[in-house]
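Visitor:
2 protein chains.
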Amino acid sequence: MTSFAPRIDCLQYANWSEKIFREMRAGGLDAVHVTIAYHENFRETVLNIERWNRWFEQFPDLIMKGRWAGDVRAARESGRTAIFFGFQNPSPIEDDIGLVEVLHDLGARFMQLSYNNQSLLATGCYEAEDPGITRMGREVIKEMNRVGLVVDMSHSADRSTIEAADLSQRPITITHANLHSWQPALRNKRDDVIRAVTQNGGMMGFSAYPHHLKGKSDCTLRDFCEMIARAAEQFGAEHFGIGTDLCQDQPDSVVEWMRVGRWTKEIDYGEGSAAAPGFPPQPDWFKDNRDFPNFEAGLRDIGFDQAEIAGLMGGNWLRFFEENFIPRGFTAESAGN
Amino acid sequence: MTSFAPRIDCLQYANWSEKIFREMRAGGLDAVHVTIAYHENFRETVLNIERWNRWFEQFPDLIMKGRWAGDVRAARESGRTAIFFGFQNPSPIEDDIGLVEVLHDLGARFMQLSYNNQSLLATGCYEAEDPGITRMGREVIKEMNRVGLVVDMSHSADRSTIEAADLSQRPITITHANLHSWQPALRNKRDDVIRAVTQNGGMMGFSAYPHHLKGKSDCTLRDFCEMIARAAEQFGAEHFGIGTDLCQDQPDSVVEWMRVGRWTKEIDYGEGSAAAPGFPPQPDWFKDNRDFPNFEAGLRDIGFDQAEIAGLMGGNWLRFFEENFIPRGFTAESAGN
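Chains as they are written, first to last, in full-length UniProt numbering: chain A, 1 to 337; chain B, 1 to 337.
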């Protein structure tokens, strides 16, 4: 299907601006999956979509709305970056399964079933107990499968993730995390979780967020690429890509919103601490979108071949997009792909 | 563009059911513009869209969602009826111009700028004074033009309608009304209003709602078609089609909702009266969707030629759909037409 080698970052949450859109172009990014909701309800999510619609109207030479896999190629051909929407929490669907299709219609392509905490659908990775996928969760996974909204378990707990991978009739994702065996952060994923996701055809994106890196902000590109090599050997390179979790230009108030939303009156430091509550500094090999080509150099240096590099830099995500964004029973053509 | 003769009803508001969908098929309707909001706010309108999504899922052999003109042909080819969404009031966009694009994305293709009363955008036909298009109305018309949401002035007052026709950079519509010179109902349209709409390339659909008919429920098909002949002679047959305003199987509580919504605690009888507050009986030549072919027979009897009949039965609406549902700057192909 894909005869070109796209560059895709399958998760960012930047403080969007013309500057960043220009840096995406400088980094040669054909597509970025952007988070448009952490704790937002439906109406608030629609306001975030409206804000993106204004950016698409203001910067038509830099970005375009991504709906289907074919838009990645359309973006490349027109020298733009395709922006695909996703949620890091199911809060946008509230308690209403009908909103799954409505939000897919508005462009949503990824939805996490939980974000750190218990949700109506699944358990988050910071909960003490993980009872697995809920009654509503099972129904929503079926509906997501039907319409082509991809399950993302990046911030979910282990049992919930493994159950989601098994229950889902279409492959699922961990868009942004690393190997727990490499850096034992709460958000990084244990082998049995990664196995459950990848053996069902799922995908995982590697994160450059310092809390997910060995040595945090001091992690080297070579360390990072060694982890990728280890993952590829263990689970198959075709199941991996990049999902940097880049939160560029965000004030620290935003990481606080991500962590506490409206669910507590206390401060929760998440992966940070009272001493270091803010965003950590990025590693010097991935400070912003312009550094995206560094991944390619790092992967080459560690010994990946050209086809593997093309897959890891975006080809694997593109294949996943081709197979999983389209409603069940539709072809690429009938869905406007 | 169109080499087939579609049958299109450009306004219905029935109490939808499998029975009615089957009657649409029996009447050979390729497309119906259905009202999905009278007084509903954004969230309530989304709930109505969700209800339609369930019907599309439940009855995939009878109906399909209509988004683009090409869906009329797709419906014909698959033996179904394409359902296009519209609003009889701008209440779904609330006070938020960004919802114009969001709702177009969800399938909305027609929006009235007012329904009987003053709205944020324009004046309704029951107000004593008509100060014309408002400040927000001018902005919303521009935005509707940009995204391909068609202005409908069926329930608006005269000055507002004429101003909308002149301000709009794309042709506008009166989806359901008749000639005031034929039946002087408040909702029927005076010649200068129809002229303003049609001379800018706009369209009007003829209504079979008894309050809009000469002799009301006793109006004959011949009377009705004579009015169409008069309109065609005066303004050009290519500017007209059918918009029956069929409210089949609705309980009288619904006409009350249409008339009073939440804007008054009193009863307002609209076109009815205290003595006859409910839906009037349909004329015997258009009781439900199965009677749609009667229009064709009536038009033939009154002397229209084959090409004019094809236009009036749906070809004119299809041409209008082709030109007006697509966002500015897009082609039929790039919009998925």
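Just so you know, even glycine gets a beta-carbon here, dropped at the ideal spot from N, CA and C.
1) In whole angstroms, what is the alpha-carbon distance linking residue 41 (chain B) and residue 289 (chain A)?
2) Measuring alpha carbon to alpha carbon, tell me which of A:219, A:64, A:188 and A:88 ends up nearest residue 284 (chain A).
3) Check the Cβ of residue 46 (chain B) against every Cβ in chain A and list those closer than 7 Å, keeping chain order.
4) For residue 43 (chain A) and chain B, any beta-carbon pair shorter than 8 Å?
5) Which whole runs of the alpha helix (DSSP H) in the segment 304-335 of chain A are 4 residues long or more, in chain order?
6) Using a Cβ cut-off of 8 Å (strictly closer), state whether residue 301 (chain B) contacts chain A.
7) Hey, residue 292 (chain B) and residue 27 (chain B): beta-carbon distance below 8 Å or not?
8) Taking residue 107 (chain A) and residue 85 (chain A) to be in contact with their CB atoms under 8 Å, please state how far apart those CB atoms are, rounded to whole angstroms.
9) Can you name the residues of chain B whose CB is closer than 7 Å to the CB of residue 53 (chain A)?
10) Below 7 Å CB to CB, which residues in the same chain sit around residue 337 (chain A) once its five sequence neighbours on both sides are set aside?
11) Residue 194 (chain B) and residue 163 (chain B) - do their beta-carbons sit closer together than 8 Å?
12) For the segment 3-26 of chain A, list every residue whose C-beta sits within 9 Å of some C-beta in chain B, in sequence order.
13) From the beta carbon of residue 256 (chain B), is the nearest beta carbon of chain A less than 8 Å away?
14) When DSSP builds the beta bridges, which residues end up paired with residue 112 (chain B)?
15) Is it the case that the Cβ atoms of residue 110 (chain B) and residue 152 (chain B) are separated by a distance below 8 Å?
16) Which runs of the alpha helix (DSSP H) at least 4 residues long sit entirely within the segment 189-230 of chain A? Give them in chain order.
17) Between the segment 67-83 of chain B and chain A, which residues of the former have CB atoms less than 8 Å from a CB of the latter, in chain order?
18) At the level of alpha carbons, what is the spacing between residue 114 (chain B) and residue 259 (chain B)?
19) Around the Cβ of residue 37 (chain B), are there at least 16 other Cβ atoms within 10 angstroms (buried) or fewer (exposed)?
20) So, helix, strand or coil for residue 36 (chain B), using DSSP?
21) Going by the beta-carbon positions, is the gap between residue 72 (chain B) and residue 324 (chain B) smaller than 8 Å?
22) Determine, using beta carbons only, whether residue 133 (chain A) comes closer than 8 Å to chain B.
23) Excluding sequence positions up to five away, which residues of its chain have a Cβ less than 7 Å from the Cβ of residue 180 (chain A)?
24) Any beta-carbon of chain A closer than 8 Å to the one on residue 322 (chain B)?
25) What did DSSP end up calling residue 239 (chain A) once you bin it into helix, strand or coil?
26) For residue 124 (chain A), does the three-state DSSP call read helix, strand or coil?
27) Would you say residue 186 (chain B) reaches chain A, if we count a Cβ-Cβ gap shorter than 8 Å as a contact?
28) Do the segment 299-313 of chain A and the segment 238-248 of chain A make contact, defined as three or more Cβ pairs closer than 8 Å?
29) Only counting runs of 4 or more residues, tell me where the alpha helix (DSSP H) segments fall wholly within the segment 54-93 of chain B, in order along the chain.
30) Using a Cβ-Cβ cut-off of 8 Å, state whether residue 106 (chain B) counts as contacting chain A.
31) For the alpha helix (DSSP H) containing residue 104 (chain B), list its first residue and its last residue.
32) Note down, in chain order, every chain A residue with its Cβ under 7 Å from the Cβ of residue 49 (chain B).
33) Please look up how many angstroms separate the CB atoms of residue 83 (chain B) and residue 63 (chain B), rounded, as I've assumed it's under 8 Å.
34) Following the continuous beta strand (DSSP E) through residue 9 (chain B), name the residue where it begins and the one where it ends.
Guide: Quick look at the numbers:
1) 40 Å
2) A:219
3) 102
4) yes
5) 306-310 and 316-324
6) no
7) yes
8) 5 Å
9) 98 and 101
10) No answer about residue 337 (chain A) holds up, because its pLDDT of 46 lies below 50 and its placement is not dependable.
11) no
12) none
13) no
14) B:152
15) yes
16) 191-199
17) none
18) 13 Å
19) buried
20) strand
21) no
22) no
23) 188, 189 and 190
24) no
25) helix
26) strand
27) no
28) yes
29) 70-77
30) yes
31) 98-105
32) 102
33) 5 Å
34) 8-12
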